[in-house]
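Each remark here refers to the structure printed beneath this line.
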Amino acid sequence: MPRALLLILLLIAPTLRASDLELLVQPPQLGDILARLPDSQHPRFAVVDYGRPSTLPRLYLFDRRSHALLGSYRVAHGKGSDIDHDGIAERFSNAPGSRASSLGLFRTAEVFDSEEPGHGRSMRLMGLSPGNSNAEARAIVIHANSYMEDDFILRHGVPGRSHGCLVLSRRDRDQVIPQLAGGALIFAIQQPEQLATHP
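Residues 170 to 368 in our numbering are what the sequence shown spells out, letter by letter.
Spelled out as structure tokens, the structure:
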């Protein structure tokens, strides 16, 4: 449903309630997400909107049945996606060595304790789309790092950048991994910033 029509319907019939997913994700990405949700029976799924700057929450955690928003979190993008380090992801790549973020559908896989300094509890991601099919070969995972902590962002103005991984603060990592572990879907998209409704 077009966002303008949805807003008109909500004004005319206030008891009509759009789902959080419909308010946060616009067509055509919304249709793509709804079409792929039956691919997993996991009770939750996530959307990462790289159209938003890395200083703002842009990993959205949803209830699969109701499409209600359960939480939103800041997440880093890759160095190769943001060459000038201004917090805006401008390019995406599936290529090994690109250090860029990838767009497409991921499925969560193994949870493990990383040996990389500062990463801690981590979760592997499987790429299910042509644009992220090398996720496993590139070792794309969800993990934590100090450059996503509030004090780092206050000092530097923007979060740090990853090698393509979805990087969270330690606090957010400890919330997100348990809720998405076990085969949940993660949709990495890029919406124009002006179209996104922010929580």
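Don't be surprised by glycine CBs; every beta carbon is placed ideally from N, CA and C.
* Asked: Could you give the distance in angstroms between the alpha-carbon of H254 and the alpha-carbon of V244?
  -> 14 Å
* To do: Could you name the residues that DSSP lists as bridge partners for S291?
  => DSSP, once it has assigned bridges, lists F281 as partnering S291.
* Asked: Alpha carbon to alpha carbon, how far is G300 from D320?
  -> 33 Å
* Asked: When you compare only the Cα positions, how much space is there between R227 and Y242?
  -> 6 Å
* **Counterpart residues of G266 in DSSP-defined beta bridges** => In the DSSP output, where bridge partners are listed per residue, G266 has none listed.
* **Other residues of its chain near V310: CB distance less than 7 Å, five sequence neighbours each side excluded** => The beta carbon of V310 sits closer than 7 Å to those of S291, M292, R293, L294, C334, all from its chain and outside the five residues before and after it, given in chain order.
* To do: Taking G240 as part of the beta strand (DSSP E), name the residues at either end of that continuous run.
  => Where G240 is concerned, the enclosing beta strand (DSSP E) starts and stops at 238–242.
* **Rounded straight-line distance, which links the Cα of L192 to that of V216** => Their backbone Cα atoms lie some 13 Å apart in a straight line.
* Per-residue burial, D328 [other beta carbons within 10 Å of its own, 16 or more giving buried] -> A small correction: the amino acid at residue 328 is Pro; Asp does not occupy that position in the sequence shown. Flag for P328 reads buried.
* Taking the alpha-carbon positions, what's the D201 to L225 distance? -> 24 Å
* Excluding the 5 residues preceding and the 5 following K248 in the sequence, name in chain order all residues of the same chain whose CB lies nearer than 6 Å to its CB. => R268, R330
* For the region 208–223 against the region 336–352, are there 3 or more C-beta pairs whose distance is under 8 Å? -> The answer is yes - the region 336–352 touches the region 208–223, with three or more Cβ pairs under 8 Å.
* To do: Within its chain, find whatever has a CB closer than 6 Å to the CB of E279; leave out the 5 residues flanking it on each side and keep chain order.
  => Closer than 6 Å at Cβ, skipping near neighbours: R293.
* To do: Can you have a look at S270 and say buried or exposed, based on whether 16 or more other CB atoms are within 10 angstroms of its CB?
  => buried
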